[in-house]
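Numbers given in the numbering used here equal positions in the sequence shown, counted from 1, plus 5.
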Amino acid sequence: MASGREERVRENLSKQVAPALHIPDAVRVGVIACSEEHELWLQAHLMACEGCRAPLIAMLLKRTAVGMGRPPEVICAKARDVMFRYLEGGAEPDDATFAHIASCDLCDDLFFEPAQAVVLQEYEPEHVGEVD
Ligand SMILES: [Zn+2]
Ligand SMILES: [Zn+2]
């Protein structure tokens, strides 16, 4: 049914060993420094880029079961840096980083919100069967 599309996505994924290397350094540095302009760029990028979204969604699905009783132990800049490494194919963020991203409004907006928004959109009935 979803003939060509899934195949194309899979093809793309296999080509993208380090999917996020196309995020410019300036954006990465800007986001770590909490520059709003760069935060907006990243949010838009995550909405549009399946390669970057996939690891975020994988992380969300895997971690929702983990209880987060602890307050964030890391600062935004540190947590964001770890997230970028993860998006670039690095190690999965540790619990402290995940707890920070999930419980910090600013960081949650930045990484998880765009990814979740797209997932929700895809499940909305009016979008079913739509191929872009
Ligand atoms: Zn991307
Ligand atoms: Zn934060």
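Ideal Cβ placement from N, Cα and C applies to all residues, glycine included.
Only a predicted model underlies this, so the values are computations on that prediction, with no experimental measurement involved.
- DSSP places C109 in the coil class of the three-state scheme, outside both helix and strand.
- V79 carries a coil assignment under DSSP once its states are collapsed to helix, strand and coil.
- Assignment of A96 by DSSP, reduced to helix, strand and coil, places it in the coil class.
- Ligand 2 has no heavy atom closer than 8 Å to the beta-carbon of R10.
- By the criterion of a C-beta distance shorter than 7 Å, V79 is surrounded in its chain by A101, T102, H105, once the five residues flanking it on both sides are discounted.
- Minimum Cα-Cα distance from E127 among the listed residues Q48, C81, A53, G9 corresponds to A53.
- Burial state of E44 is buried, judged by a 10 Å Cβ sphere holding 16 or more other Cβ atoms.
- Beyond the five residues adjoining it in sequence on each side, R68 comes within less than 6 Å, by CB distance, of F103 in the same chain, given in chain order.
- Per DSSP, the unbroken alpha helix (DSSP H) holding C57 starts and ends at 55–68.
- A101 carries a helical assignment under DSSP once its states are collapsed to helix, strand and coil.
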